[in-house]
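Colleague: Numbering (the numbering used here), first residue to last: 660 to 925. Right, I'll just put the structure down here and ask away after.
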(Lines of atoms letter the chains of each structure in order from A; the text may use other names.)
(Lines give C-alpha, C1' and ligand atoms only; values in the text may rest on other atoms or scores of the structure.)
Protein backbone atom coordinates (compact mmCIF):
# COMPACT_ATOMS: atom_id res chain seq x y z
CA UNK A 660 0.00 0.00 0.00
CA UNK A 661 1.20 3.49 -0.63
CA UNK A 662 0.72 7.14 -1.53
CA UNK A 663 1.47 8.50 -5.00
CA UNK A 664 1.80 12.25 -4.73
CA UNK A 665 2.87 15.31 -6.62
CA UNK A 666 5.61 17.29 -4.86
CA UNK A 667 5.37 21.05 -5.47
CA UNK A 668 2.23 22.59 -3.97
CA UNK A 669 0.87 19.20 -2.95
CA UNK A 670 3.20 17.42 -0.52
CA UNK A 671 5.52 20.43 -0.31
CA UNK A 672 4.35 24.00 0.21
CA UNK A 673 3.57 24.33 3.91
CA UNK A 674 6.23 23.49 6.50
CA UNK A 675 3.54 23.02 9.15
CA UNK A 676 1.52 20.59 7.05
CA UNK A 677 4.64 18.72 5.91
CA UNK A 678 5.76 18.30 9.54
CA UNK A 679 2.32 16.90 10.40
CA UNK A 680 2.53 14.50 7.45
CA UNK A 681 6.01 13.27 8.41
CA UNK A 682 4.89 12.68 12.01
CA UNK A 683 1.85 10.80 10.73
CA UNK A 684 3.91 8.60 8.46
CA UNK A 685 6.43 7.67 11.15
CA UNK A 686 3.64 5.70 12.78
CA UNK A 687 2.61 4.05 9.51
CA UNK A 688 5.79 2.77 7.86
CA UNK A 689 3.73 0.23 5.91
CA UNK A 690 2.55 3.08 3.69
CA UNK A 691 5.14 3.55 0.98
CA UNK A 692 5.66 6.64 -1.14
CA UNK A 693 5.98 7.38 -4.84
CA UNK A 694 6.65 10.96 -5.92
CA UNK A 695 5.14 12.02 -9.25
CA UNK A 696 6.57 15.33 -10.36
CA UNK A 697 7.10 17.57 -13.35
CA UNK A 698 10.72 18.04 -12.27
CA UNK A 699 13.54 16.11 -13.84
CA UNK A 700 15.47 13.64 -11.68
CA UNK A 701 18.23 15.82 -10.23
CA UNK A 702 15.81 18.65 -9.51
CA UNK A 703 13.44 16.25 -7.74
CA UNK A 704 16.29 14.83 -5.66
CA UNK A 705 17.38 18.34 -4.73
CA UNK A 706 13.88 19.12 -3.46
CA UNK A 707 13.79 15.84 -1.52
CA UNK A 708 17.04 16.81 0.20
CA UNK A 709 16.00 20.40 0.88
CA UNK A 710 12.58 19.50 2.28
CA UNK A 711 13.83 16.48 4.26
CA UNK A 712 11.38 14.13 2.57
CA UNK A 713 11.40 10.36 3.09
CA UNK A 714 13.05 8.28 0.41
CA UNK A 715 10.36 7.08 -2.00
CA UNK A 716 9.93 3.62 -3.45
CA UNK A 717 9.90 5.18 -6.92
CA UNK A 718 10.28 8.57 -8.60
CA UNK A 719 8.06 9.51 -11.52
CA UNK A 720 9.64 12.53 -13.23
CA UNK A 721 9.17 14.78 -16.27
CA UNK A 722 5.38 14.78 -15.90
CA UNK A 723 5.20 11.00 -16.09
CA UNK A 724 7.48 10.31 -19.03
CA UNK A 725 10.28 8.77 -16.94
CA UNK A 726 10.31 6.45 -13.90
CA UNK A 727 13.21 5.69 -11.57
CA UNK A 728 13.62 3.07 -8.84
CA UNK A 729 16.34 2.83 -6.20
CA UNK A 730 19.45 1.22 -7.65
CA UNK A 731 19.76 -1.33 -4.84
CA UNK A 732 18.08 -4.23 -6.57
CA UNK A 733 14.39 -4.84 -6.07
CA UNK A 734 11.71 -2.20 -6.73
CA UNK A 735 11.60 0.27 -3.88
CA UNK A 736 14.84 -1.15 -2.51
CA UNK A 737 15.25 0.04 1.05
CA UNK A 738 12.57 0.72 3.62
CA UNK A 739 11.42 4.01 2.15
CA UNK A 740 11.83 5.52 5.61
CA UNK A 741 15.30 7.01 5.21
CA UNK A 742 15.41 10.79 5.19
CA UNK A 743 17.18 12.58 2.37
CA UNK A 744 20.67 13.51 3.44
CA UNK A 745 20.99 10.53 5.79
CA UNK A 746 22.31 7.03 5.33
CA UNK A 747 20.90 5.41 2.22
CA UNK A 748 19.26 8.64 1.10
CA UNK A 749 18.99 9.73 -2.55
CA UNK A 750 21.98 12.05 -2.69
CA UNK A 751 22.41 11.85 -6.46
CA UNK A 752 20.95 10.39 -9.60
CA UNK A 753 23.58 7.64 -9.55
CA UNK A 754 21.62 5.94 -6.74
CA UNK A 755 18.58 5.61 -8.99
CA UNK A 756 17.99 3.43 -12.02
CA UNK A 757 15.65 4.37 -14.83
CA UNK A 758 13.00 1.81 -15.71
CA UNK A 759 14.08 1.18 -19.29
CA UNK A 760 10.97 -0.78 -20.16
CA UNK A 761 8.87 2.29 -19.44
CA UNK A 762 11.29 4.60 -21.26
CA UNK A 763 11.37 2.33 -24.30
CA UNK A 764 7.63 2.86 -24.66
CA UNK A 765 8.21 6.60 -24.81
CA UNK A 766 11.05 6.28 -27.30
CA UNK A 767 8.85 4.35 -29.72
CA UNK A 768 7.10 7.57 -30.76
CA UNK A 769 9.12 10.36 -29.12
CA UNK A 770 10.80 12.73 -31.59
CA UNK A 771 11.75 15.79 -29.51
CA UNK A 772 13.88 17.55 -32.14
CA UNK A 773 11.03 17.47 -34.63
CA UNK A 774 8.58 18.62 -31.94
CA UNK A 775 10.75 21.60 -31.02
CA UNK A 776 11.02 22.53 -34.70
CA UNK A 777 7.22 22.36 -35.08
CA UNK A 778 6.69 24.56 -32.04
CA UNK A 779 9.09 27.29 -33.06
CA UNK A 780 6.47 29.08 -35.13
CA UNK A 781 3.63 29.03 -32.60
CA UNK A 782 2.83 32.61 -31.51
CA UNK A 783 2.53 33.12 -27.77
CA UNK A 784 4.57 30.03 -26.91
CA UNK A 785 8.32 29.59 -26.72
CA UNK A 786 10.22 26.48 -25.82
CA UNK A 787 12.67 27.15 -23.03
CA UNK A 788 15.08 25.25 -20.83
CA UNK A 789 13.45 23.48 -17.88
CA UNK A 790 15.41 23.71 -14.64
CA UNK A 791 18.59 24.29 -16.62
CA UNK A 792 18.14 21.47 -19.13
CA UNK A 793 18.32 22.01 -22.87
CA UNK A 794 14.93 21.02 -24.33
CA UNK A 795 16.71 19.65 -27.40
CA UNK A 796 18.58 17.14 -25.28
CA UNK A 797 17.64 13.54 -24.50
CA UNK A 798 14.89 13.95 -21.94
CA UNK A 799 11.27 13.07 -21.53
CA UNK A 800 9.51 16.36 -22.17
CA UNK A 801 9.55 19.71 -23.91
CA UNK A 802 8.31 22.63 -21.89
CA UNK A 803 7.64 26.31 -22.36
CA UNK A 804 5.95 29.28 -20.75
CA UNK A 805 2.38 30.20 -21.57
CA UNK A 806 0.21 33.22 -20.75
CA UNK A 807 -2.99 31.21 -20.17
CA UNK A 808 -4.61 31.95 -23.55
CA UNK A 809 -6.44 28.74 -24.59
CA UNK A 810 -5.86 29.73 -28.21
CA UNK A 811 -2.14 29.12 -27.72
CA UNK A 812 -2.84 25.55 -26.59
CA UNK A 813 -4.94 25.02 -29.71
CA UNK A 814 -2.09 26.31 -31.87
CA UNK A 815 0.40 24.00 -30.12
CA UNK A 816 -1.93 21.06 -30.73
CA UNK A 817 -2.39 22.02 -34.38
CA UNK A 818 1.35 22.44 -35.02
CA UNK A 819 2.21 19.05 -33.55
CA UNK A 820 -0.67 17.31 -35.32
CA UNK A 821 0.34 18.79 -38.68
CA UNK A 822 3.89 17.55 -38.05
CA UNK A 823 2.50 14.05 -37.52
CA UNK A 824 3.86 13.78 -33.99
CA UNK A 825 1.91 11.62 -31.49
CA UNK A 826 2.34 13.42 -28.17
CA UNK A 827 0.46 14.46 -25.06
CA UNK A 828 0.00 18.13 -24.20
CA UNK A 829 -0.38 19.14 -20.55
CA UNK A 830 -1.05 22.60 -19.13
CA UNK A 831 -0.50 23.91 -15.62
CA UNK A 832 0.22 27.28 -14.02
CA UNK A 833 1.79 29.16 -16.89
CA UNK A 834 3.43 26.15 -18.53
CA UNK A 835 2.71 23.86 -21.44
CA UNK A 836 4.43 20.48 -21.40
CA UNK A 837 4.73 18.22 -24.42
CA UNK A 838 5.53 14.63 -23.51
CA UNK A 839 5.56 11.21 -25.20
CA UNK A 840 2.12 9.89 -26.10
CA UNK A 841 2.50 7.02 -23.64
CA UNK A 842 3.48 9.31 -20.75
CA UNK A 843 1.55 11.14 -18.08
CA UNK A 844 1.46 10.79 -14.33
CA UNK A 845 -1.60 8.53 -14.36
CA UNK A 846 -0.18 5.88 -16.68
CA UNK A 847 3.20 6.08 -14.94
CA UNK A 848 1.56 5.66 -11.53
CA UNK A 849 -0.34 2.57 -12.64
CA UNK A 850 2.90 1.10 -13.99
CA UNK A 851 4.92 1.88 -10.85
CA UNK A 852 2.19 0.64 -8.51
CA UNK A 853 1.99 -2.59 -10.47
CA UNK A 854 5.73 -3.09 -10.24
CA UNK A 855 5.65 -2.40 -6.50
CA UNK A 856 2.71 -4.74 -5.99
CA UNK A 857 0.61 -2.26 -4.02
CA UNK A 858 -3.06 -3.13 -3.55
CA UNK A 859 -4.13 0.08 -1.79
CA UNK A 860 -3.17 3.48 -3.15
CA UNK A 861 -3.94 7.13 -2.47
CA UNK A 862 -3.23 9.51 -5.37
CA UNK A 863 -2.68 13.20 -4.55
CA UNK A 864 -2.39 16.33 -6.67
CA UNK A 865 -3.20 20.01 -7.10
CA UNK A 866 -2.97 21.21 -10.71
CA UNK A 867 -3.53 20.45 -14.36
CA UNK A 868 -0.64 18.05 -14.89
CA UNK A 869 -1.97 15.96 -11.97
CA UNK A 870 -5.36 15.46 -13.59
CA UNK A 871 -4.68 12.06 -15.10
CA UNK A 872 -3.05 10.93 -11.83
CA UNK A 873 -6.25 11.82 -9.97
CA UNK A 874 -8.26 9.99 -12.65
CA UNK A 875 -6.00 6.92 -12.79
CA UNK A 876 -8.56 4.76 -10.99
CA UNK A 877 -7.14 4.98 -7.46
CA UNK A 878 -8.85 6.64 -4.50
CA UNK A 879 -7.58 10.19 -4.87
CA UNK A 880 -7.48 13.59 -3.18
CA UNK A 881 -7.33 17.07 -4.68
CA UNK A 882 -5.69 19.19 -1.98
CA UNK A 883 -7.35 22.35 -0.72
CA UNK A 884 -4.90 24.81 -2.31
CA UNK A 885 -5.53 23.37 -5.79
CA UNK A 886 -6.12 25.69 -8.72
CA UNK A 887 -9.58 27.23 -8.75
CA UNK A 888 -10.37 25.67 -12.10
CA UNK A 889 -9.45 22.22 -10.81
CA UNK A 890 -11.64 22.64 -7.72
CA UNK A 891 -14.59 23.71 -9.85
CA UNK A 892 -14.41 20.70 -12.15
CA UNK A 893 -16.91 17.87 -11.85
CA UNK A 894 -14.89 14.97 -10.51
CA UNK A 895 -15.93 11.32 -10.23
CA UNK A 896 -16.66 9.91 -6.76
CA UNK A 897 -13.15 8.49 -6.40
CA UNK A 898 -11.68 12.00 -6.24
CA UNK A 899 -12.10 13.57 -2.79
CA UNK A 900 -11.94 17.38 -2.64
CA UNK A 901 -10.04 18.32 0.51
CA UNK A 902 -10.67 21.57 2.37
CA UNK A 903 -7.17 21.62 3.85
CA UNK A 904 -4.10 22.62 1.81
CA UNK A 905 -0.86 20.88 0.87
CA UNK A 906 0.15 17.84 2.95
CA UNK A 907 -2.70 18.58 5.39
CA UNK A 908 -5.04 17.88 2.47
CA UNK A 909 -3.24 14.58 1.83
CA UNK A 910 -3.88 13.57 5.45
CA UNK A 911 -7.51 14.62 5.09
CA UNK A 912 -7.80 12.47 1.97
CA UNK A 913 -6.19 9.52 3.71
CA UNK A 914 -8.64 9.88 6.60
CA UNK A 915 -11.52 10.00 4.13
CA UNK A 916 -10.50 6.86 2.24
CA UNK A 917 -8.51 4.79 4.72
CA UNK A 918 -9.00 6.32 8.16
CA UNK A 919 -11.23 3.63 9.65
CA UNK A 920 -9.88 1.33 12.35
CA UNK A 921 -9.37 -1.49 9.85
CA UNK A 922 -7.98 0.76 7.11
CA UNK A 923 -9.96 -1.17 4.53
CA UNK A 924 -10.86 1.76 2.32
CA UNK A 925 -12.79 1.42 -0.95
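Ideal placement from N, C-alpha and C gives every residue a C-beta, glycine not left out.
Which residue marks the beginning of the alpha helix (DSSP H) containing residue 836, and which one marks its end?
Modeller: Counting along the chain, residue 836 falls outside any alpha helix (DSSP H), though it belongs to the beta strand (DSSP E) covering 834–839.
Colleague: Along the alpha helix (DSSP H) that carries residue 716, what are the first and last residues, could you check?
Modeller: It is not in any alpha helix (DSSP H) - residue 716 carries neither H nor E in the DSSP assignment.
Colleague: Using 8 angstroms for Cβ pairs, my map puts residue 805 next to residue 834. What's the rounded Cβ distance?
Modeller: Correct: roughly 6 angstroms between the Cβ atoms.
Colleague: Skipping 5 residues on each side, what residues in its chain have a beta carbon closer than 8 angstroms to that of residue 898?
Modeller: Cβ within range, chain order: 873, 874, 879, 880, 881.
Colleague: Should the segment 717–732 be regarded as contacting the segment 893–911, the criterion being three or more beta carbon pairs within less than 8 angstroms?
Modeller: Segments in contact, no.
Colleague: Among all the DSSP beta bridges, which residues are the ones paired with residue 600?
Modeller: No answer is possible for residue 600: the residues shown for the chain start at 660 and end at 925.
Colleague: In terms of alpha-carbon separation, which member of 706, 810, 809, 917 lies closest to residue 695?
Modeller: The shortest C-alpha separation from residue 695 is found at 706.
Colleague: Could you check what DSSP says for residue 785 in three-state terms: helix, strand or coil?
Modeller: The answer is strand: DSSP assigns residue 785 an E or B state.
Colleague: Under the rule that 16 or more other beta-carbon atoms within 10 Å means buried, what is residue 808, buried or exposed?
Modeller: Classification for residue 808: exposed.
Colleague: Can you tell me which of the three DSSP states residue 661 falls into?
Modeller: Three-state DSSP puts residue 661 in a strand.
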